[in-house]
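Working notes for the structure below.
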Amino acid sequence: MPSIKYDVVIAGAGIVGLAHAWMCAKQGLRVAVLEKNSRCTGASVRNFGFITITGQREGKTWRRALRSKEFWADVAPKAGIPICHQGLLVVAQRLEALDLLDTFKHTEMGEACVLLSADAIRGRFPEIRGEDVQGGLYSPHELRVESKDAIGQLTTWLSKEMGVEFFFDHELLEINLPKLRTASKVFHTERLILCPGTELNGVAQPYLAEYQLTHTQLQMLRIQPTQPLLLQAAVMSDLSLVRYAGYTGLNCHQALLARLKKEELPCLEAGIHLIVVQSEDGSLVVGDSHHPVGDVEPFAQDAVDALIIEQLRRTLKLDDYQITHRWTGKYPVGHADQDALILSPDPNIRVVSVISGTGASTAFGLAEEVMQQWGF
Ligand SMILES: Cc1cc2nc3c(=O)[nH]c(=O)nc-3n(C[C@H](O)[C@H](O)[C@H](O)COP(=O)(O)OP(=O)(O)OC[C@H]3O[C@@H](n4cnc5c(N)ncnc54)[C@H](O)[C@@H]3O)c2cc1C
45 MPSIKYDVVI AGAGIVGLAH AWMCAKQGLR VAVLEKNSRC TGASVRNFGF
95 ITITGQREGK TWRRALRSKE FWADVAPKAG IPICHQGLLV VAQRLEALDL
145 LDTFKHTEMG EACVLLSADA IRGRFPEIRG EDVQGGLYSP HELRVESKDA
195 IGQLTTWLSK EMGVEFFFDH ELLEINLPKL RTASKVFHTE RLILCPGTEL
245 NGVAQPYLAE YQLTHTQLQM LRIQPTQPLL LQAAVMSDLS LVRYAGYTGL
295 NCHQALLARL KKEELPCLEA GIHLIVVQSE DGSLVVGDSH HPVGDVEPFA
345 QDAVDALIIE QLRRTLKLDD YQITHRWTGK YPVGHADQDA LILSPDPNIR
395 VVSVISGTGA STAFGLAEEV MQQWGF
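Counting from 1 along the sequence shown, just add 44 to a position and that's the residue number in the numbering used here.
Here you go:
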């Protein structure tokens, strides 16, 4: 078998693997990325492309997201990735939601965010359906990229401009540093970074087994409004405030949760909360629901899509529209209070697994931490 020598080999060409590839290549290291499939088709291309800061769990995850946003802002223009829009508007449709946002605004995480009255939202955001609005919070931090394209664009740029070598259709099967083996090649490398995403039973299994990870499955939609509708920022609403750890961690969401249990039980049961982002062609990426894998059919459920669309139409002034795409995605989940794992089973091996729906927002921050651990 031909043998090739690298400073670092990364397994997995999702956003976590690519973020590590960039950090290593910036240090002048010779980097190879092995990807099991002919391209990344996992969570990294199925998500909203929404680099979320406001709402991330207080502490590590929030700081990683803030840091990652800086890296995204740096790398996106270099790699020719358009930033589709910036900022986040959380629309409060109940007074309990507005109270929660008010508490959030007065934490460290609320810095630079602005509380808005109902009139201010109606005046500044004409795309929002004004009837139910009690007020809201605008965060300037967020970025949005078109992840279905951005992952390919980042891969091409890393390959052409940063000298990263990609080996697609190469699943890492065996680790015996300095040797790594796929079905057809042997790689020699000083270091290995495993970024396996949802592949819990492959070569990463011995490292991840003790965390007893499972999967969450999500439903997503792309919707084309019939009449032009301009979203000025990503939009979320009340249901997000009882889901995102940055809000629930404040422990003042119980009043809102109690009301939502009375008024939105089917959404809560399907793990639905609203995120809407817009693409350059005007279409909206809308989601999402959360189902423990194992409890659901492997097929998307129309009833769940209908609930998501109901939330959407209650929030945006959207009358006629066409659903152009429906898809599912999944990510690994583990301990409720941990969003990511950086494991060091050997001084020269790192296993990086995002075990929550936060990898698009935190991958670059995680990669920076791994490089710091290795003294770069
Ligand atoms: C529908 C949906 C919406 C989401 N929305 C958001 C959001 O708004 N904001 C946010 O921050 N996050 C979001 N997420 C989460 C985010 O997408 C993930 O956390 C992130 O993409 C994980 O990246 P990854 O590189 O670890 O995994 P993946 O994208 O799954 O990539 C892992 C890759 O590793 C490859 N691989 C695995 N094992 C091997 C091996 N042995 N050898 C070679 N290759 C291997 C796989 O083939 C795969 O291509 C969402 C996720 C989903 C599914």
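Ideal Cβ positions, reconstructed from N, Cα and C, are used throughout, including at glycine.
- Straight across, the Cα-Cα distance linking F231 with A384 is about 27 Å.
- Within 10 angstroms of the beta-carbon of L144 lie 16 or more other beta-carbons, which makes it buried.
- Under a 10 Å Cβ-count criterion, P376 is classified as buried, with 16 or more other Cβ atoms of the shown protein chains found around its own Cβ.
- Every alpha helix (DSSP H) stretch that sits fully inside the segment 183-223 and reaches 4 residues is listed by chain position as 191-205.
- Straight through space, the alpha carbons of G180 and F211 are spaced by roughly 46 Å.
- When C-alpha distances from K122 are compared across G72, L198, E152, A55, the shortest belongs to L198.
- Leaving aside the five residues that flank E186 on each side, the residues in its chain whose CB is nearer than 8 Å to its CB run, in chain order, F94, I95, T96, I97, T98, K113, Q130, G131, L132, A277, A278.
- In terms of side-chain proximity, the C-beta atom of K80 is found nearer than 6 Å to a non-hydrogen atom of ligand 1.
- Considering only K149, L294, E354, D282, the residue with the shortest C-alpha distance to L300 is D282.
- Assignment of W66 by DSSP, reduced to helix, strand and coil, places it in the helix class.
- Collapsing the DSSP output to three states places D51 in a strand.
- Around the beta-carbon of L139, fewer than 16 other beta-carbon atoms lie within 10 Å, marking it exposed.
- Secondary structure of V396 (DSSP, three-state): strand.
- Between L238 and A227 the beta-carbon gap is near 17 Å, outside 8 Å, which marks them as no contact.
- Under the criterion of beta carbons closer than 8 Å, G403 and F92 do not qualify as touching, at roughly 12 Å.
- The DSSP assignment places complete alpha helix (DSSP H) segments of no fewer than 4 residues inside the segment 99-158 at 104-122, 139-149, in order along the chain.
- Annotated three-state conformation of L309 is helix, per DSSP.
- The segment 215-292 is shown to contain whole beta strand (DSSP E) runs of 3 or more residues at 218-220, 223-225, 230-238, 258-269, 278-280, in chain order.
- Per DSSP, the continuous alpha helix (DSSP H) segment holding D346 begins and ends at 346-359.
- Take I393, set aside five residues on each side of it, and the residues of its chain with a beta-carbon closer than 6 Å to its own are L236, in chain order.
- Secondary structure of D163 (DSSP, three-state): helix.
- Relative to ligand 1, N220 has its C-beta separated by 6 Å or more from all heavy atoms.
- Nearest to S284 by alpha-carbon distance, out of R266, I352, A109, is I352.
- In the DSSP assignment, G403 falls within the alpha helix (DSSP H) that extends over 403-417.
- K374 is bridged by DSSP to Q261.
- Taken atom to atom, the span from the alpha-carbon of Q382 to that of V396 is near 13 Å.
- Beta-bridge pairing by DSSP links I97 to no other residue.
- With a 10 Å radius around the Cβ and a threshold of 16 neighbouring Cβ atoms, D213 comes out exposed.
- Shown here for R111: same chain residues with a beta carbon closer than 8 Å to its own, the five before and five after excluded, namely F408, G409, E412 in chain order.
- Closer than 6 Å to some heavy atom of ligand 1: that does not describe the Cβ of S333.
- When the Cα atoms are used, D346 and I267 turn out to be separated by approximately 15 Å.
- Contact between Y255 and P389 does not hold, since their C-beta atoms are separated by about 13 Å, which reaches or exceeds 8 Å.
- The continuous beta strand (DSSP E) containing A384 extends over residues 384-390.
- At a threshold of 6 Å, C239 counts as near ligand 1, since its beta carbon sits closer than that to one of the ligand's heavy atoms.
- The beta-bridge partner set that DSSP reports for Q366 consists of Q268.
- DSSP places V89 in the helix class (H, G or I) of the three-state scheme.
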